[in-house]
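Single-structure report; data block below.
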Amino acid sequence: MKQYKIALIKGDGIGPEIIDEAIKVLDAVSSNEKFDFSYNEYLMGGIAVDVKGTPLPEETVQGCLNSDAILFGAIGGEKWDKLPRDKRPETGLLNLRKALSVFANLRPMSVFDELVNASTLKLEVINGVDLLVVRELIGGIYFGQPRQNDGNCAFNTMIYTKDEVKRIAHIAFKSAQKRRQKVCSVDKANVLEVSQLWRDTVNEVSSEYPNVLLSHMYVDNAAMQLIRDPKQFDVILTSNLFGDILSDEASMISGSIGLLPSASLGGKIGLYEPIHGSAPDIAGQGIANPIATILSAAMMLRYSFNEENAAKKIEDAVKDVLKDGYRTKDLSAYDAKEICSTSEIGSIIADRVSKI
Ligand code: IPM
Ligand code: MG
């Protein structure tokens, strides 16, 4: 029997609760398939600062590099907000992404039919939306040097090399080939040099994909268009900072940020995480929505293990459970038949998975 070695990073806030539910679902899926999972837990984020004095201990990096894939919950919280930047939980995550060379962050956004009313946007605007944000993840202003804050003056550097833009552009075009053959590249080329290079490079790469329709949009307009008419988008290709902002914006199309998974790819080992944060305000109450993490586990099966069938099972089970009206508290106002705790909805999804 095949065995996949998964590194688990539960992290802070609701991280541990949501990862536990994803494990339930993974175990349910493996019980009917010809593979098995082994899990090893590693520390990252605030908890790693508390226990090890650093947000990304070396054994976490090594453990991740020795695994087949990584499932990560969330990090951060007020408790660690005052620490110097190199000790902040977020720095742990950024350094892990860098250490893994996962330059491509895929954030699919679609609307569950059962939850169309959960969005703050009108039904006719969001019905049928299905888009993919392809966010560059280990470059741009997040990592650019020099950077400084001396108390009087502060700056960061937004920097991209042509090679960095090329490799993420290829991912976007290849993703579009499997979807509706459209890429919209988002930049600020009317103001920024770095965006001009981005745009020129994307144009160059596009000549290798004659069947994919490329358009360009300035980021301010893209932020507006996402709310005005999100159906116009198939693949949105963008840089680290713009992708961070636009993906949170786009998440509201689906009604709850608690539903959206992501995959970070491009290195040898993939990193899978919900797009939401650690939500310290609701941690430990059993009300967090584990679906984004469960769907991230499905992406892991698809992209790291090539187990499409198992990935589909999880996605179908989630749809089924939502269709039957099971909801965590964040979605309780939308056609709920039964309000479930984090652990209850995890068990219900796991149970469905084992019956598909
Ligand atoms: C995300 C998060 C992270 C980011 C933070 C936690 C560093 O917002 O994954 O979108 O900005 O990339
Ligand atoms: Mg973000």
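Counting along the sequence shown from 1, when you hit position 64 you're at 84 in our numbering, and nothing is skipped either side.
Just so it is clear, CB atoms sit at the ideal spot from N, CA and C, and this is done for glycine as well.
{"Check": "Contact under 8 Å by Cβ, Asn-60 with Gly-35", "Outcome": "no"}
{"Check": "heavy atom of the ligand MG below 7 Å from Asp-106 C-beta", "Outcome": "no"}
{"Check": "DSSP-derived helix/strand/coil call for Gln-201", "Outcome": "coil"}
{"Check": "Buried versus exposed, by CB contacts within 10 Å (16 or more), Lys-22", "Outcome": "exposed"}
{"Check": "Which of helix, strand or coil DSSP assigns to His-236", "Outcome": "strand"}
{"Check": "Neighbourhood of Tyr-354 by C-beta distance below 6 Å, restricted to the same chain and skipping five residues each side", "Outcome": "Leu-135, Asn-137, Ala-138"}
{"Check": "Beta-carbon proximity list for His-190, same chain, < 7 Å, skipping 5 on both sides", "Outcome": "Val-225"}
{"Check": "beta-carbon Asp-268 near the ligand MG non-hydrogen atom, thresh 7 Å", "Outcome": "yes"}
{"Check": "Cβ pair count under 8 Å reaching 3, the segment 75-90 against the segment 49-66", "Outcome": "yes"}
{"Check": "Uninterrupted beta strand (DSSP E) stretches inside the segment 255-326 (no shorter than 3 residues)", "Outcome": "255-258, 281-285, 290-294"}
{"Check": "Gln-216 - containing alpha helix (DSSP H), residue span", "Outcome": "213-226"}
{"Check": "Residue nearest to Ile-287 in terms of C-alpha spacing, selected from Gly-160, Ser-121, Leu-113", "Outcome": "Correcting the residue type first, residue 287 is Gly in the shown sequence and not Ile. Out of Gly-160, Ser-121, Leu-113, Ser-121 has the C-alpha closest to the C-alpha of Gly-287."}
{"Check": "Sub-8 Å separation of Leu-261 and Ile-161 beta-carbons", "Outcome": "yes"}
{"Check": "Stretch-stretch touch, CB-based, cutoff 8 Å, three pairs: the segment 275-291 with the segment 198-205", "Outcome": "no"}
{"Check": "Member of Asp-344, Ile-368, Ile-365, Ile-369 whose CA lies at the smallest distance from the CA of Lys-357", "Outcome": "Asp-344"}
{"Check": "Counted within 10 angstroms of its Cβ, other Cβ atoms place Pro-250 as buried (16 or more) or exposed", "Outcome": "buried"}
{"Check": "Heavy atom of the ligand IPM within 7 Å of Glu-110 beta-carbon", "Outcome": "yes"}
{"Check": "The segment 121-133 in contact with the segment 68-78 per 3-pair CB rule at 8 Å", "Outcome": "no"}
{"Check": "Leu-342 - containing alpha helix (DSSP H), residue span", "Outcome": "328-343"}
{"Check": "Host alpha helix (DSSP H) of Lys-44 (start-end)", "Outcome": "35-50"}
{"Check": "Where Thr-313 falls, given that 16 or more other Cβ within 10 Å makes a residue buried", "Outcome": "buried"}
{"Check": "Where Asn-169 falls: helix, strand or coil (DSSP)", "Outcome": "strand"}
{"Check": "Terminal residues of the beta strand (DSSP E) in which Ala-119 lies", "Outcome": "Premise fails: Ala-119 lies in the alpha helix (DSSP H), 109-120, not in any beta strand (DSSP E)."}
{"Check": "beta-carbon Asp-264 near the ligand MG non-hydrogen atom, thresh 7 Å", "Outcome": "yes"}
{"Check": "Cβ neighbour criterion (16 or more within 10 Å) applied to Pro-166", "Outcome": "exposed"}
{"Check": "Buried/exposed call for Leu-321, threshold 16 Cβ in 10 Å", "Outcome": "buried"}
{"Check": "Residues that DSSP places opposite Val-154 in a beta bridge", "Outcome": "Leu-126, Leu-257"}
{"Check": "DSSP beta-bridge partners of Phe-92", "Outcome": "Ile-29"}
{"Check": "Backbone secondary structure at Asp-207 - three-state DSSP", "Outcome": "strand"}
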